[in-house]
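No gaps in the numbering here: position 74 of the sequence shown is 74 in the working numbering, and each next residue is one more.
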Amino acid sequence: MGEFGFKNAYESNIRMLALDTAFHSLQAEASIRERIGRSAMFIDLFPEGRTQLIAAADIYRRLGDDNSVFRILLMRAELEWRAGDPESSNDLFKKALEQVEITGIEVPQELYFSGIAFNCYQSGEWEMALNACERSLDELSGRKITRNLLESVGRILKLSPT
Numbered sequence: 001m002g003e004f005g006f007k008n009a010y011e012s013n014i015r016m017l018a019l020d021t022a023f024h025s026l027q028a029e030a031s032i033r034e035r036i037g038r039s040a041m042f043i044d045l046f047p048e049g050r051t052q053l054i055a056a057a058d059i060y061r062r063l064g065d066d067n068s069v070f071r072i073l074l075m076r077a078e079l080e081w082r083a084g085d086p087e088s089s090n091d092l093f094k095k096a097l098e099q100v101e102i103t104g105i106e107v108p109q110e111l112y113f114s115g116i117a118f119n120c121y122q123s124g125e126w127e128m129a130l131n132a133c134e135r136s137l138d139e140l141s142g143r144k145i146t147r148n149l150l151e152s153v154g155r156i157l158k159l160s161p162t
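Spelled out as structure tokens, the structure:
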């Protein structure tokens, strides 16, 4: 626990939230809550992380910051996965995709497809995971990835334990 300073960051941000009760802006409060949630996730304080990320998303929604709401949904999906709840993780990831479709926010295609690949991998949908990896790698490389490399990635994915 506490690797890479996440425990210190968590404690520091908790103190900052407790001491600064008169935030100059909602944006500042949302940012601190987001940092608390993210650091809590890495030190296995899942309930606290979940609570803070939900609070941050609520503030970002009130501010109309769709990009931050999307980012928080992805963080919450990661938190649930780390907490051992792949179903909730998949549901949150799907909500993040819906957020993109509803709001029309710009998401880098490689991020979009790598997220889909991860979600499919969690669900054991190997062919869909491979296709999403292909699209993500294609976007990252400017469409210069060869089929041989993709087939190698596919073999690795099929050999990896679930």
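Positions of the beta carbon are idealized from the N, C-alpha and C atoms, including for glycine.
Open item on the list: Three Cβ pairs or more, each shorter than 8 angstroms: is that satisfied between the stretch 24-42 and the stretch 54-67?
Closed with: Yes, they touch.
Open item on the list: For alanine 40, tell me which candidate among Glu78, Asp65, Asp66 has the shortest Cα-Cα distance.
Closed with: Minimum Cα-Cα distance from alanine 40 among the listed residues Glu78, Asp65, Asp66 corresponds to Glu78.
TODO: Measure how close the beta-carbons of serine 136 and serine 114 come, nearest whole angstrom, since I'm counting them as under 8 angstroms.
DONE: Yes, serine 136 and serine 114 are in contact; Cβ-Cβ is about 4 angstroms, under 8 angstroms.
Task: Bounding residues of the alpha helix (DSSP H) (the contiguous stretch that carries glutamate 48) - done: Going by DSSP, glutamate 48 is part of the alpha helix (DSSP H) stretching over 46-63.
Task: Which of helix, strand or coil DSSP assigns to glutamate 106 - done: Of the three classes helix, strand and coil, the one that applies to glutamate 106 here is coil, per DSSP.
Task: 6 angstroms CB neighbourhood of aspartate 66 in its chain, flanking five on each side removed - done: Once the five neighbours on either side are set aside, the close Cβ partners of aspartate 66 are Thr103, Ile105.
TODO: Check whether the Cβ atoms of arginine 76 and arginine 50 lie closer than 8 angstroms to each other.
DONE: Yes, Cβ-Cβ distance for arginine 76 and arginine 50 is below 8 angstroms.
TODO: Go ahead and label leucine 19 buried or exposed: buried means 16 or more other beta carbons lie within 10 angstroms of its beta carbon, across all protein chains shown.
DONE: Burial call: exposed.
Task: Through-space distance from phenylalanine 70 to alanine 132, alpha-carbon basis - done: Computed Cα separation, rounded: 19 angstroms.
Task: Segment limits, alpha helix (DSSP H) that includes glycine 37 - done: Looking at the DSSP string, the run of the alpha helix (DSSP H) that includes glycine 37 is 26-42.
Task: Cα-Cα separation, leucine 163 to asparagine 8 - done: One cannot answer for residue 163 here, as it falls past the ends of the chain, which runs 1 to 162.
Task: Secondary structure of glutamate 78, DSSP reduced to three states - done: Three-state DSSP puts glutamate 78 in a helix.
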